[in-house]
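Protein chains in written order, with this note's numbering: chain B, 191 to 504; chain Z, 16 to 302. See below for the structure under consideration.
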């Protein structure tokens, strides 16, 4: 177990170095753009060249990458060119907003997915199973921006119950909680279908196992069989999938953040990428990859811990 | 983005009963109907009696809502929404199939190679696909498309790169299994080349799951193209593009919700069509 974790951590570090270099090269290949973007279309060529030199953008890529990596390791993420603040500041600010959104969405998605997945999987092939499966398939077919537009039209425009934008300030007269409802709903609708299907498959396969039949035959009541025997086994496989949703919830929610003007991590990345704000894009990418790989490792480890049949040695 | 398809092959086959089989083809038929509807719209776009997708009817701007002259209304520039949706079908039904074909060909060929040959090649390819799959796809799209510009070609390329690993895994796993079959051993004994064995003996037998996956992939690629358009890193304006149409108008949703709603309905129905088609195909493959 320990050796496995250590190897995965080393692999993670290598991947991070590779990714940071790839993104750095990708972004810095055309350094002239940065100064031009900053100064605008009316700046003279001399001004652009001057700023390029001042920012040190005219030196070899490898030298600048090593410098950058050095600064990164000492905790300095640089200065954001578009947001005009240190990268670390804007990054943590937006990340904490996204974590809030993700945490609330997660708290909604997981119980709903387990409930419907178990209901469907317990009686595979029944009418209820079919309805849940069709419903899950249907909601995960809708792009997030479409769900967002539909829900905002109904609840914000037509009924006027909820705000159509969620800037997370209380100036508009809506509480922060009210502003979270629609974004969370859109994320949950898009994401929950996949998890329902996942729990359902796992539950259905457990229900076919001999030990479930034994429990039924020895006279145990059905709810008891399901709760005591089947459920525990059925949740092992989807556990990893559930953890991996953290990955989607952090980076993938950019669409929802854009629909509702939510000041989150994904939207910051989009703005930074469009404005060629390299420092923010670089740091944000590393954070996103780090989160992705950490959740993957945690999922892997948890899976091994939960299921003693998987041997840990190798 | 997650998708439901990755776990679907895990569900175990259910014995087909008469009534069940009937219902199965029902879902598939609805899917075929929806996809054919949009395909017909895309094909017929130039000959339908519609205003040009980029022509502005400035007089209609006085009341942009649906009317006799513009059945689905006009957008903020006075462009006919019905026309833009139908021309938009042309856009998405061109880009999505090409991108999926690219991902399928690349993924399937590499999967065949890795599964049949194994060794270092397999390790390298599998590790690479793991890295791509663990990468937050949307951030990859943002970086690449803002760096190299959002053209149809670049969109096809990024989708190929991000979707190929999924097909690769599928084909590699199937190939590993099929390589153990007698007919492969027989072909090896006959002295056939590896290329012949991979393409003639193994590939046709790995086709089933790939065909189902292609339909699902088409649905999710349609979503991806819509999302790119919506985020403003998709096809450049004034290309009629469903995601882009929503992007341009969702800010006006409190005044004119129809401008954003109609393109959303269009993309949702097309994705549902592809997914129903996949469900139908999978069940037929199973029955």
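Just so you know, even glycine gets a beta-carbon here, dropped at the ideal spot from N, CA and C.
Considering only beta carbons, the part of the region 473-487 of chain B lying closer than 7 Å to chain Z consists of 475, 478, 479, 482, 483, 486, in chain order.
Within its own chain, the residues whose Cβ lies closer than 8 Å to the Cβ of residue 262 of chain Z, once the five positions on either side in sequence are excluded, are 244, 245, 246, 247, listed in chain order. Residue environment analysis places residue 216 of chain Z among the buried positions, since at least 16 neighbouring C-beta atoms fall within 10 angstroms of its C-beta. Interface with chain Z (9 Å Cβ-Cβ cutoff): residue 318 of chain B is excluded. Look at residue 95 of chain Z here: in three-state DSSP terms it is strand. The DSSP-derived three-state label of residue 237 of chain B is helix.
Pairing residue 364 of chain B with residue 164 of chain Z, the inter-Cα distance amounts to about 38 Å.
Note on residue 83 of chain Z: under 16 other CB atoms within 10 angstroms of its CB, so exposed under the neighbour-count rule. Cβ neighbours of residue 303 of chain B within its own chain (closer than 7 Å, five residues either side excluded): 382, 385, 386, 389. Judged by beta-carbon spacing, residue 94 of chain Z lies within the 9 Å limit of residue 72 of chain Z, meaning their Cβ atoms are closer than that value. Out of Z/137, Z/145, Z/250, the CA that lies nearest to the CA of residue 124 of chain Z is found in Z/137. Of the candidates B/466, B/434, B/451, B/196, B/451 places its Cα closest to the Cα of residue 287 of chain B. Residue pairing by DSSP places residue 89 of chain Z opposite Z/95 in a beta bridge.
For residue 269 of chain B, DSSP records a beta bridge to B/276. A residue is called buried once 16 or more other Cβ atoms fall within 10 Å of its Cβ, and residue 401 of chain B, having fewer, is exposed. If you draw a 10 Å sphere on the C-beta of residue 360 of chain B, you find fewer than 16 other C-beta atoms in it, and that means exposed. The three-state secondary structure of residue 166 of chain Z, taken from DSSP, is coil. Counting along the chain, residue 149 of chain Z sits inside the alpha helix (DSSP H) bounded by residues 134-149. In terms of CA proximity to residue 66 of chain Z, Z/100 leads the group Z/47, Z/51, Z/100. The criterion of a C-beta distance shorter than 9 Å is not satisfied by residue 253 of chain B and residue 335 of chain B.
Listed along chain Z, the residues sitting closer than 7 Å to residue 437 of chain B by beta-carbon distance are 151. Taking 7 Å as the upper bound on Cβ-Cβ separation, chain B lies near residues 150, 151, 153, 154, 157, 158, 161, 162 of the region 150-173 of chain Z. Taking each of B/470, B/491, B/484 in turn and checking the Cα distance to residue 154 of chain Z, the smallest one comes out for B/470. Around the beta carbon of residue 90 of chain Z, 16 or more other beta carbons lie within 10 angstroms, which makes this residue buried. Scanning B/414, B/380, B/430 for the CA closest to the CA of residue 329 of chain B turns up B/380. Neighbours of residue 146 of chain Z across chain B, judged by C-beta separation under 7 Å: 205.
At a cut-off of 9 Å, the C-beta of residue 283 of chain Z has a neighbouring C-beta in chain B. Taking C-beta separations shorter than 6 Å and ignoring five residues to either side along the sequence, the partners of residue 213 of chain B in its chain run 472, 475, following chain order. When secondary structure is reduced to three states using DSSP, residue 286 of chain B falls in the helix class.
In terms of CA proximity to residue 54 of chain Z, Z/103 leads the group Z/103, Z/42, Z/78. A Cβ of chain Z is located within less than 9 Å of the beta carbon of residue 333 of chain B. In the structure shown, residue 343 of chain B falls within a helical segment according to DSSP collapsed to helix, strand and coil.
For residue 316 of chain B, the secondary structure class from DSSP, reduced to helix, strand or coil, is coil. Taking a cut-off of 8 Å for Cβ pairs, the region 132-151 of chain Z and the region 111-121 of chain Z do not touch, as fewer than three such pairs fall below it. Burial state of residue 333 of chain B is buried, judged by a 10 Å Cβ sphere holding 16 or more other Cβ atoms.
Between residue 420 of chain B and residue 297 of chain Z, the alpha-carbon positions lie close to 27 Å from each other.
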